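For the sequence shown, this note's numbering assigns the number 1 to the initial residue and increments by one for each residue that follows.
We put the CB at the ideal spot given by N, CA and C, even for glycine.
Keep in mind it's a predicted model, so treat the numbers as computed, not measured.
Below is one structure; the comments refer to it alone.
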Amino acid sequence: MTDETQLTQLVAACHWIGAKGWAPATGGNMSLRQEGRYCLLSESGKDKGALTADDFIQVEIASNHVPSGRKPSAETGLHTLIYRLYPEAGAILHTHSVNATVLSRVEKRAAILLQGYEMQKTLREQQSHLDTVAIPLFDNDQDISALAQRIEFFASETPIKWGFLLRGHGLTCWGRDVAEAKRHLEGLEFLFQCELQRRQLEAK
Ligand SMILES: CSCCC(=O)C(=O)COP(=O)(O)O
Ligand SMILES: [Zn+2]
């Protein structure tokens, strides 16, 4: 699929995310790997539910250099880290849903463990509800390079397969293309909502 088709799909995915309420105000950021050494990242500070193709800015994956001098996402360093770590990653979606934000605060451990849900099979290579899916959970940080370094250190020991949560902040997930990143996002959001409700009901 060409970069242009993928960008059209990414813009449509951003509108879908906005309609779901998963990128309120200016929250969230989205990107696409281009052929070669660049990616396209959403512009910082925009309403991500109303982006157009012109709101995506080219960034060099190795250096975070922005040839145009425009201002891509404040979280550019997390996107480029993922593209460097995982050559198969073709698109990244970062969202601020209520469920991801609340669950990431309620959970005190360093991962959300999901088990027993058929919808785990929305995640690439998952084939059974009997397996345990671990979504890593990192403490949030306003220093994105420090946060990227922590994530890179974790990933050097434990590969991250679909995405991670930032505590009190949101979800970052990816796929080989926009369609797969979108499926992972929708699957994880469903699983987070189930997990929150299960915990609430079982606590009573
Ligand atoms: C009120 S959103 C705070 C920044 C953030 O977490 C985010 O996802 C959006 O930042 P960007 O620079 O990509 O607009
Ligand atoms: Zn964010």
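- Relative to L171, the option among L40, L78, A146 whose CA is nearest is L78.
- Per the coordinates, the alpha-carbon of T76 lies some 7 angstroms from the alpha-carbon of L41.
- In this structure, W22 is the residue among G116, W22, E35, S63 with its C-alpha nearest to the C-alpha of H96.
- Listed in chain order, the non-local C-beta contacts of G163 below 7 angstroms within the same chain comprise I135, L171, T172, C173, W174, H184, L188, local neighbours out to five positions each way being set aside.
- Of the candidates L93, S68, L191, the residue whose Cα lies closest to the Cα of T80 is L93.
- Counting every other CB atom within 10 Å of its CB across the protein chains shown gives D139 a total below 16, marking it as exposed.
- Here M30 is bridged, per DSSP, to L93.
- Contact between I57 and R70 holds, since their C-beta atoms are separated by about 5 angstroms, short of 8 angstroms.
- Scanning the segment 75-126 from its first residue to its last, the whole alpha helix (DSSP H) runs of 4-plus residues come out as 76-85, 98-106.
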